[in-house]
Each structure stands twice: as C-alpha cells, then as structure tokens.
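S.K.: Sharing a structure here in structure tokens format.
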Amino acid sequence: MSNPQVTFPAYFAPANAVAFANPDSSAQVVSAVTPMPVAVTGATPPGSNLIGMVQPSYLAPAAWASPGTAQDMRAYSSVTVVVTTAPSAAYTPQWSPDGASWYAASGLDLNFNTLTSIATPFTGAVTFQGGGYVRLTGGTGGVFQLSAGQ
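When we follow our numbering, the leftmost residue of the sequence shown carries the number 20, and every step to the right adds one.
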C-alpha cells in the first residue's frame with residue numbers, strides 16, 4: 020500500500036505525525052507497533068550515564084567586604100552582587116578577562132534595568148557577566164554580598 024501524498028493546501032499531516040523512510044523510500048509512521056528503528060553503536064552499557072554526571076556550579080552568597088578587590092569568577096557565567104546597605108559614594112563595576120585589563124561593566128537589576136554604577140539609594144541584586152574577574156571601584160560605604168552561578 021502506498022502512502023498518501025501530503026501537499027499544501029489540499030491535504031495536511033497531523034501535528035504529531037512522525038515517520039521514517041523505509042528502504043524503498045516509502046514512509047513508515049512511528050507507533051507503538053512500529054517504533055522508530057535506532058542503531059546505537061559505541062554506546063555505554065544500559066543504565067549508565069551517557070553524558071556523565073552534571074554537577075551544579077555555583078558560589079553561595081557570601082559577604083564581600085572589599086568590593087575593590089578583584090574576584091576570580093572565570094568558572095561562572097553570571098555574577099550577582101547583592102547590595103544590602105546602599106553606598107555613600109557610587110561604585111563602578113568592572114570586568115576583566117585576565118585580571119589585568121579592566122573594562123566598565125553594566126548589570127541588570129531584578130526589574131531588568133541596566134545599571135552602570137551602584138549608588139545611593141540603591142539596594143537589591145545586580146547581575147553581571149561572569150567568565151572573568153569582577154570588582155567595584157571608586158565607591159565608599161555600602162554592604163555587599165557576592166554570589167555566582169552557571
């Protein structure tokens with residue numbers, strides 16, 4: 020039995036139709052009776068992890084007493100600075116790929132506003148790019164926590 024031709028707009032295929040090509044170029048619909056043929060070669064034994072165990076990578080929030088001191092965040096894709104007490108003078112966030120060359124950084128607060136400095140009266144969380152070193156420069160006062168994640 021040949022398979023019906025599917026064309027537009029006269030005919031349609033159900034949204035959940037899945038099929039594979041038989042050796043004679045006809046289509047075979049996948050079902051419980053005719054599952055998709057799969058050949059697995061070089062695989063690990065059944066019941067083992069095919070891609071290995073995935074461990075979450077994060078840095079739990081911790082006090083950041085010296086925000087002017089660079090923190091190595093190369094292992095994390097994002098860095099979050101939580102400002103619990105607003106600074107008396109504005110800090111400028113900086114990012115470095117190597118700890119030597121520094122660039123101005125901008126971050127996003129919880130309302131997705133872009134921040135290029137952390138100044139009074141701001142308190143809350145700001146997320147920055149990870150994958151390098153981070154620091155806050157030029158400011159005074161304030162209480163900060165630093166965390167990071169993948």
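Just so you know, even glycine gets a beta-carbon here, dropped at the ideal spot from N, CA and C.
Given the structure is predicted, the values throughout are model-derived calculations rather than measurements.
Buried or exposed: Arg-154, going by 16 or more other Cβ atoms within 10 Å of its Cβ?
M.R.: So Arg-154 counts as buried.
S.K.: Taking the C-alpha atoms as reference points, what is the distance between Ile-70 and Pro-140?
M.R.: Caution is warranted here: a pLDDT of 48 is assigned to Ile-70, below 50, making its placement in the model unreliable, and no coordinate value can be reported.
S.K.: May I ask you to report which of helix, strand or coil DSSP gives Val-102?
M.R.: Here Val-102 sits in strand by DSSP.
S.K.: Which of the three DSSP states is assigned to Phe-131 in this structure?
M.R.: Correct three-state label for Phe-131: coil.
S.K.: Rounding to the nearest angstrom, what Cα-Cα distance links Asn-68 and Leu-129 in this structure?
M.R.: Confidence in Asn-68 is poor, its pLDDT being 46 and thus under 50, which makes the residue's placement too unreliable to answer from.
S.K.: Output the distance between the C-alpha atoms of Gln-74 and Val-98, rounded to the nearest integer angstrom.
M.R.: Any answer about Gln-74 is weak, because its pLDDT of 47 lies below 50 and its placement is not dependable; what the coordinates show is given next. Those two C-alpha atoms are separated by around 18 Å.
S.K.: Got a sec? Which residues, its chain only, sit under 6 Å from Ala-124 by beta carbon, not counting five neighbours each side?
M.R.: For Ala-124, where only same-chain residues beyond five positions count, the Cβ hits under 6 Å are Pro-112, Gln-113, Trp-114, Phe-147.
S.K.: Could you tell me which uninterrupted beta strand (DSSP E) segments, each at least 3 residues in length, are contained entirely in the region 143-168, listed from first to last along the chain?
M.R.: If we require 3 residues or more, the beta strand (DSSP E) runs fully inside the region 143-168 come out as 143-148, 152-156, 159-168.
S.K.: Closest to Ala-84 by C-alpha separation, out of Leu-134, Val-100, Tyr-77, Ser-96, would be which residue?
M.R.: Cα-wise, what sits closest to Ala-84 is Val-100.
S.K.: Could you check whether Gly-161 and Thr-104 sit closer than 8 Å to each other, using their CB atoms as the reference points?
M.R.: In this structure, Gly-161 lies closer than 8 Å to Thr-104 by Cβ.
S.K.: Locate the beta strand (DSSP E) running through Tyr-80, then write down its first and last residues.
M.R.: According to the sequence displayed, residue 80 carries Pro and not Tyr. Where Pro-80 is concerned, the enclosing beta strand (DSSP E) stretches over 77-82.
S.K.: Suppose the cutoff is 6 Å on Cβ atoms and the five residues either side in sequence are ignored; what does the same chain contact list for Thr-106 look like?
M.R.: Note on identity: in this sequence residue 106 is Pro, with Thr being the wrong assignment. Counting only Cβ-Cβ distances below 6 Å, and skipping sequence neighbours, we find Gly-158, Gly-160, Gly-161.
S.K.: Would Tyr-77 and Ala-167 be called neighbours here (beta carbons separated by less than 8 Å)?
M.R.: Against a cut-off of 8 Å, the Cβ pair of Ala-167 and Tyr-77 comes out as a contact.
S.K.: Does the beta-carbon of Gly-118 have 16 or more other beta-carbons within 10 angstroms, so that it is buried, or is it exposed?
M.R.: Result: exposed.
S.K.: Beta-carbon within less than 8 Å of Ile-79's beta-carbon, same chain only, minus the 5 sequence neighbours each way: which residues are those?
M.R.: This sequence places Ala at residue 79; Ile is not what is there. Taken in chain order, the residues that qualify are Ser-166.
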